[in-house]
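Chemist: Following the working numbering, the numbering of the sequence shown begins with 12 at its first residue and continues without gaps.
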Amino acid sequence: MRLHRLTVTAFGPFGGTQTVDFDELSAAGLFLLHGPTGAGKTSVLDAVCYALYGSVPGARQGGGQGTALRSDHAAPATRTEVTLDLTVAGRRLEVTRQPPWERPKKRGTGTTLDKAQTWLREYDPTAGTWKDLSRSHQEVGEEITQLLGMSREQFCQVVLLPQGDFARFLRADAEARGKLLGRLFDTRRFADVEKRLAERRRSTETQVREGDAELLADAHRMQQAADDAMELPELAPGEPGLAEAVLSAAAVARSTAREQLTVAAGTLTAAESAQAAAGRTLDEVRELARLQRRFDEARERAARLEQGAEAYREAQALMERGRKAEAVAPALELREASEAEHRRAAAAEARARALLPETFAGEGAAGLAAAARRAAEELGGLDSARRAERRLAELLDERAGLDRQERADADLLQEAEAWLDGWEERRTALQTRVESAQQAAALAEQLGARREPAQQRLRAARTRDRLAQDTDRAVDRVRTAQDETLRAKQHWLDLKEQRLNGIAAELAANLTDGEPCAVCGATEHPAPARKVAGHVDREAEEHALTAYQRADEQRAEDERRLGTVREALAAATAEAGDTPTAQLDDELVDLEERYARARSAAAELHAAQERLRQAGQEHERRSAARQETAVRTASRVGHRERLDRERAALQEELDRARGSLDSVAARAAQLERRAALLTDAAEAARVAEDTAQRLKDADARLADAAFRAGFDTPQAAADALLDRVAHRELQRRLDDWQHEEAAVRAVLAEADTAAAAREPRADPDAAQQAADEADRRLRHAASAHDAAERRCADLDRLSARAAASVRRLAPLREEYDRVARMAGLAAGTSADNERRMRLESYVLAARLEQVAAAATVRLRRMSSGRYTLVHSDDRTGRGRSGLGLHVVDAWTGRERDTATLSGGETFFASLALALGLADVVTDEAGGVRLDTLFIDEGFGSLDDQTLDEVLDVLDSLRERDRSVGIVSHVADLRRRIHAQLEVVKGRSGSTLRQRGTG
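(1) Taking contact to mean at least 3 C-beta pairs separated by less than 8 Å, is the region 428-441 in contact with the region 625-638?
(2) Per DSSP, what are the beta-bridge partners of Leu44 in this structure?
(3) For Val755 versus Leu458, is the C-beta spacing smaller than 8 Å?
(4) Report the option in Gly26, Thr137 and Glu800 whose CA atom is closest to the CA atom of Asp83.
(5) Classify Arg858 as buried or exposed, calling it buried when 16 or more other Cβ atoms lie within 10 Å of its own Cβ.
(6) Straight-line CA distance for Ala326 to Ala785?
(7) Out of Arg872, Thr702, Ala727 and Gly839, state which residue places its alpha-carbon closest to the alpha-carbon of Arg355.
(8) My output table needs one value for Thr590: the three-state DSSP class, helix, strand or coil.
(9) With a CB to CB cut of under 6 Å and the five nearest residues on each side skipped, what residues in its chain are close to His630?
(10) Tell me where the beta strand (DSSP E) around Arg20 begins and ends.
(11) Return helix, strand or coil for Asp563, following the three-state DSSP convention.
(12) Would you mind stating whether Trp430 and Arg633 have Cβ atoms separated by less than 8 Å?
(13) Buried or exposed for Leu823, going by 16 or more other Cβ atoms inside 10 Å?
(14) With DSSP as the reference, label His1018 as helix, strand or coil.
(15) Tell me which same chain residues have a C-beta within less than 8 Å of the C-beta of Gln638, skipping the five on either side of it?
(16) Do Leu912 and Val898 have their C-beta atoms within less than 8 Å of each other?
(17) Do the region 244-263 and the region 277-285 meet, that is, are 3 or more Cβ pairs less than 8 Å apart?
(18) Could you tell me the distance, in whole angstroms, from the CA atom of Tyr323 to the CA atom of Glu752?
(19) Just curious, the beta strand (DSSP E) that Arg819 is in, first and last residue?
(20) How should Gly914 be labelled, buried or exposed, when 16 other C-beta atoms within 10 angstroms of its C-beta is the threshold for buried?
(21) Using only the alpha-carbon positions, how far apart do Thr278 and Gln780 sit?
(22) In angstroms, rounded to a whole number, what distance separates the CA positions of Val736 and Ala635?
(23) Which residues in the same chain as Glu374 place their Cβ atom closer than 6 Å to its Cβ, once the five residues preceding and following it in sequence are excluded?
(24) Just tell me which of Val219, Glu347 and Ala990 has its CA closest to the CA of Gln1005.
(25) Can you tell me the Cα-Cα spacing of Gly49 and Arg869, whole angstroms?
(26) Quick check: the Cα distance between Glu216 and Val817, rounded to an integer number of angstroms?
(27) Count the other C-beta atoms from every protein chain shown that fall within 10 angstroms of the C-beta of Glu113, then say buried if there are 16 or more, exposed otherwise.
(28) Using C-beta distances below 7 Å, list every residue in its chain close to Arg488, excluding the 5 sequence neighbours before and after it, in chain order.
(29) Here's the rule I'm using: 16 or more other beta-carbon atoms within 10 Å means buried, otherwise exposed. How should Pro725 be labelled?
(30) Under 8 Å between the Cβ atoms of Ala778 and Thr482?
(31) Of all the options Ala613, Ala555, Ala773 and Gly40, which has the alpha carbon lying nearest to the alpha carbon of Arg510?
(32) If I measure Cβ to Cβ from Lys757 and keep anything under 8 Å in the same chain, skipping five residues before and after, which residues do I get?
(33) From Ser883 to Arg905, what distance separates their C-alpha atoms?
(34) Among the residues of its own chain, which have a CB less than 7 Å from the CB of Ala767, if the five just before and after it don't count?
(35) At which residues does the alpha helix (DSSP H) containing Val170 begin and terminate?
(36) Nearest to Arg794 by alpha carbon, out of Leu226, Ala276 and Thr267?
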C-alpha cells in the first residue's frame, strides 16, 4: 500500500481545504509531521484512516461517523470531505468520503441533515481517466478491507502506530498476536484443517451418540409398547454393555406380550357374543316403544276429533245448504235476467205508444198489430204476404239454431259435470307431486352443501398421496446429495493436503539465479525442490473446491425442497386425515349419485306446480261454463215460445192476405207511415208482454226451485248460496276431518299396535344402557386384543431394529476413536500434544520467528547490539504455547519478557518489531505490501545516541522503496529530517505546509 495524495476539507482542525502530497514527502524516504500541541498532527492520520475505513482510530472515534468530525472553523456552506489517492494491490484508487452534515436549509431558517456519502474510483492507465466503481458505503468498505487484508484496528496497529499504543503488539498475548498474524499471512487453510477435523470428530461422535441414543430410544419404545413392564438398563449412550442389556430385556418383554395376547383373544370372543345378544334385545324394545307411542298418539288424535265433532256437523250442514242453494242458482240468475229484459221492453213500448194517435192509446199489442196489418194489407197487398213468408223462414231457421245450441250446451254440461266429479282426486294427486318435488329439492340442497367439502377432502387426499411419494423421492435426493457433498469435500481436502505437501516444488518453480528466495532470502539455489508425478497445483485445488461448493449448494437446495414438500404434506394430511383416497372417492361417488337423483326429482317441482295451477284454472273455467250453460238453457225456453207465437201470427196474416183487395193506391202514402208506427208500437207492446210473462214465469220457477230445494223463500236460498272461496275452504275443512278420522281409525285397528299397547311400558333407555355397556366391553376387549397384537408386532420390529443398530455401531466407533485423536492433536487439546499448540499456531509460530529475526536486525542497531528478539513456544500459565516473544539482553546473557523493557527500550523494540512485521508481510507470498508507515510520538523518550541509531534504521528503509512518516513535536527532529509536513495552528483553523520536498 502506497499513499499518493490526501485532501481534507472542513475536517477536524482544518477549516478550509488542505492537501498533502505524499509522493513528494515519500521521495526522501523519511519525513517529519510536526507542529504545536493541538495543531492537528494526529488529525492527518485520522483523515487517512477515515478515508479508508469511514471512522477514526481508537479513543478519538467518539462521534467519528457523525457530525463531530466537522471542523468548528469551517464556513456554514462548506461540507466536510476527505479524499485519499493510493495504490494498493497494484491498483490506483481514489476514495472520497463525506460524513453526515447539518447544512443550512435552502428555504427558510434552520438546518437539515444530509446523509453521509462515499465514492470509490479507479485509475485506468490505458485510457488515462478515472472510472467510478461504487457509491455504496458497504461495498466500498468491503473492497478496501479485502484489498488491505486488515481491519481498522489492525491497520492502525501495523501502519498507523498511534500515540500511546507503540507497545500493543509487542506486549499482546498469544491469542491477540495470532489473530493479527492470521490475517496478515492468510493461514485460514490451516484453521480450516482444524475446523474440518473438529467437524469430523463432532460428526462421528454425534453419530456414535445418536446410534446409542437411537438404541436407547428403541428400548424406551419397547418399554412403552410393553406398558412399562420392561426394565431398562441404567446406562448412558456410549457406555459398554448397553446393547446386551437392551437385547436381553427385549426378549423377556416379547415372551410376556405373547402370553397377554392369548388371554385377550378369549376375552374378545365372549364380549362379541354378549354384544350381539344386547343388540337384539335393544331392537325389540325400541320396536315395542314405537308401537306404544303410535297407539298413544292415535288415542290423542281420536280425542281431538271427538272434541271437534260438533264443528264438523255444523260445517256439514252449511255445505248441504250450499249444495241445495246451488240447484236454485240458475233460477235466481234467470229471474234477474228476465227482470232486466222486462224493464228494457217496457221503456221501449212507452216510447213507441207516444208516437201513436190517442185513438190507439188503449189498444193492446194485438189491436195495434191488427191495425198495423190492416194498414199493411191496404198498403202492400201481396208484398206484405211475401214479407210474411220471408219472416216465417227466418223464424224457422232461428228455431233450428236454438235446437243446435241446446244440444251443444247439453254436451258441454255433461263434460263439465264429468270433469268436476274427479276434481278432488286430481287435485290431491297433483299436490302430492308438488310436495314430493319440494322434499327432493330440500334433500338436494343438503347434499349439495356436502359436495364441496367432500371434493376438497378428496383433492387433499390425492395431494397427500402425491406429496408422500414426492417426500420419499426428496429424501433419496437429499441422501444422495449429502453423500456427493462428503465425497467432493474429501476429494478437495485430499488435493489440498497433496498441494501443501508439494508446495516447496511450486515455490521453487519461481526461483531465479541471483534473485532472493521468497522463503529464506538466499540468492543461490543449489537444490530446488522438483515436482513429482501427480503434483497438485493451485488450479486443480480450486477446481476441487468449486466442485465441493457446487455439491454443497445442491445439498442445501435439496434439503430446502425436502422441507417444503414435508410442510405441504403435513398441510394436506391435516386437511384429508388418514382416510384412504379410494374410500373418499367411493363416498364422493355415492354422494354425487344421491345428489343427481335428488336434483332430478327436484327439477319436477316447477312443472308440478304449473300443472296444479293449470288444473285450478281449469276447475274454475268448467264451473263457470256449467253455470253459464244453465242460464242459457233457461233463456232459450222463453225465446222458443216467442218464436212459436210469432210464427202463428204470421201464418194468420198470410191467410188473410190470400183474399182480394179493392184499391190501395189512394191511401198508399197515408197508410205507409201509419203502418210503420203501428208495427213498431205493436212490436214494442208484444215484447213488453212477452218479457212480463217471462218475468212471471221466472218468479214461478224460482219459487218452485226454492221450495223443491227445501227453502221457505227464494231469499233464504240466495242467502245459503256459497261463493267459490267459501265453498273451497269449507270443503277443505271437511276433507281434513274425514282424512284424520280415517287415519286414526286405521291405526287403532292395527293388531300389532293394539297388542303392544296391552304390554307393559317399554324402557328403551335401560335397553340402550345395557347395549352400550356391552359395546363398551366389546370395544375394551377389542382394544386390549389389538393392543396385545400391536405390542407383539412392535416388540418384534423394535428388537430387530435394535439388533441391527448394535451391528452397525461397531465400525463407526472405531472411526470415531481415530478421528478424535487427530482432531485433539490439531486443536492442541490432546495429551499427546505436550505444548498444547494448535496447527494454525504452529504455522504462525514459524512466521513469528521470521518477524522476530527481521526485527532483531534493526533492534540490535537501535540498541547498540544489546537486545535481540526471540520467539518462544513455552506455555504461559494454563494457556497454549507457540506465539510468545522474549528479549535477550547481551549484557546479562539472560532471556526475559518484553514487559521488563524501559519506556525508551519499549519504543524502539516495538518499532523494530513493527518494521520487521512489515518486511515479512511484504515478502510473504500473497501478503499485503506495506509501503508507507506512520509513527506517532515516542521519540522524546530516546537519548541523542539512540535517536541517531533509530533514525538511521528508519532511513535505511528507502532501500526497499518504503517511506516512514514520523509524527512528533521534538524540536531536534526538525534539524535531522529535512522533508517535513508542518501543521500551523491559527484562530481560523490549522493549515498544512510542506518543506524540504522540492
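The beta carbon of each residue, even a glycine, is placed where N, CA and C say it ideally should be.
Modeler: Per the coordinate set shown:
(1) Segments in contact, yes.
(2) If you number the sequence shown from 1, residue 44 lands on position 33. Looking at the DSSP assignment, Leu44 forms a beta bridge with Val978 and Leu992.
(3) Along the sequence shown, read from residue 1 onward, the residue named residue 755 stands at position 744. Along the sequence shown, read from residue 1 onward, the residue named residue 458 stands at position 447. Going by C-beta atoms, Val755 is not nearer than 8 Å to Leu458.
(4) For this step, residue 83 is matched to residue 72 along the sequence shown. Considering only alpha carbons, the answer is Gly26.
(5) Position 847 of the sequence shown holds residue 858. Under this definition Arg858 is a buried residue.
(6) In the sequence shown, counting from the first residue as 1, residue 326 sits at position 315. In the sequence shown, counting from the first residue as 1, residue 785 sits at position 774. Distance between the alpha carbons of Ala326 and Ala785 is about 58 Å.
(7) Locating residue 355 in the sequence shown gives position 344, where the first residue counts as 1. Comparing Cα positions, the closest option is Thr702.
(8) Position 579 of the sequence shown holds residue 590. Looking at Thr590 - three-state DSSP - the assignment turns out to be coil, as it is neither helix nor strand.
(9) To locate residue 630, count along the sequence shown from 1; it is residue 619. Closer than 6 Å at the Cβ level, and outside the excluded window around His630, lie Trp434.
(10) To locate residue 20, count along the sequence shown from 1; it is residue 9. Note that residue 20 is Thr in the sequence shown, not Arg. Per DSSP, Thr20 belongs to the beta strand (DSSP E) from Arg13 to Phe22.
(11) Residue mapping note: residue 563 aligns to position 552 of the sequence shown, counting from 1. Helix, per DSSP.
(12) For the purposes of this step, residue 430 is taken as residue 419 along the sequence shown, with counting starting at 1. For the purposes of this step, residue 633 is taken as residue 622 along the sequence shown, with counting starting at 1. Yes. Within cutoff.
(13) As a working note, residue 823 is residue 812 in the sequence shown. Result: exposed.
(14) The shown model of the chain, from 12 to 1009, leaves out residue 1018, and the question about it has no answer.
(15) Stepping through the sequence shown from its first residue, residue 638 is reached at position 627. Cβ within range, chain order: Ala340, Pro341 and Glu344.
(16) The count along the sequence shown starts at 1 and reaches residue 912 at position 901. The count along the sequence shown starts at 1 and reaches residue 898 at position 887. In contact: Leu912 and Val898 (Cβ atoms closer than 8 Å).
(17) no
(18) Position 312 of the sequence shown, counted from the start, is the residue given in the question as residue 323. Position 741 of the sequence shown, counted from the start, is the residue given in the question as residue 752. Using only the alpha carbons, I get a separation of about 11 Å.
(19) Within the sequence shown, the letter at position 808 stands for residue 819. Counted as a single uninterrupted DSSP element, the stretch harbouring Arg819 is not any beta strand (DSSP E) but the alpha helix (DSSP H) occupying residues Pro775 to Ala838.
(20) Reading the sequence shown from its first residue, position 903 is the one you call residue 914. Per the 10 Å Cβ criterion, exposed.
(21) Taking the first residue of the sequence shown as 1, we reach residue 278 at position 267. Taking the first residue of the sequence shown as 1, we reach residue 780 at position 769. So the two alpha carbons sit approximately 21 Å from each other.
(22) The residue given as residue 736 occupies position 725 in the sequence shown. The residue given as residue 635 occupies position 624 in the sequence shown. The alpha-carbon atoms of Val736 and Ala635 are separated by roughly 14 Å.
(23) Along the sequence shown, read from residue 1 onward, the residue named residue 374 stands at position 363. Closer than 6 Å at the Cβ level, and outside the excluded window around Glu374, lies no residue.
(24) Sequence index remark: in the sequence shown, residue 1005 carries index 994 (1-based). Minimum Cα distance to Gln1005 is reached at Ala990.
(25) The residue labelled residue 49 in the question sits at position 38 within the sequence shown. The residue labelled residue 869 in the question sits at position 858 within the sequence shown. So the two alpha carbons sit approximately 32 Å from each other.
(26) Position 205 of the sequence shown, counted from the start, is the residue given in the question as residue 216. Position 806 of the sequence shown, counted from the start, is the residue given in the question as residue 817. Cα to Cα, the separation comes out at about 16 Å.
(27) As a position in the sequence shown, residue 113 is number 102, starting the count at 1. Glu113 is exposed by the Cβ-count criterion.
(28) The sequence position of residue 488 within the sequence shown is 477, counting from 1. The beta carbon of Arg488 is closer than 7 Å to those of Asp569 in its chain, skipping five residues each way along the sequence.
(29) Numbered from 1 along the sequence shown, position 714 holds the residue referred to as residue 725. Result: buried.
(30) Here residue 778 refers to the residue found at position 767 of the sequence shown. Here residue 482 refers to the residue found at position 471 of the sequence shown. No, these two residues do not count as a Cβ contact at 8 Å.
(31) Against the sequence shown, residue 510 aligns to sequence position 499. For the residues Ala613, Ala555, Ala773 and Gly40, the minimum Cα distance to Arg510 belongs to Ala555.
(32) Here residue 757 is taken as the residue at index 746 of the sequence shown, counted from 1. Correcting the residue identity first, residue 757 is Ala in this sequence and not Lys. Excluding sequence neighbours, Ala757 sits near nothing in its chain.
(33) Against the sequence shown, residue 883 aligns to sequence position 872. Against the sequence shown, residue 905 aligns to sequence position 894. About 14 Å.
(34) Position 756 of the sequence shown, counted from the first residue, corresponds to residue 767. If we look at Ala767 and ignore the five residues flanking it on each side, its Cβ neighbours are Leu299, Leu302, Gln303 and Phe306.
(35) Position 159 of the sequence shown, counted from the start, is the residue given in the question as residue 170. Run containing Val170: none; DSSP gives neither H nor E here.
(36) Position 783 of the sequence shown, counting from 1, holds the residue named residue 794. According to the sequence as given, residue 794 is Ser; it is not Arg. That would be Ala276, whose Cα lies nearest to the Cα of Ser794.
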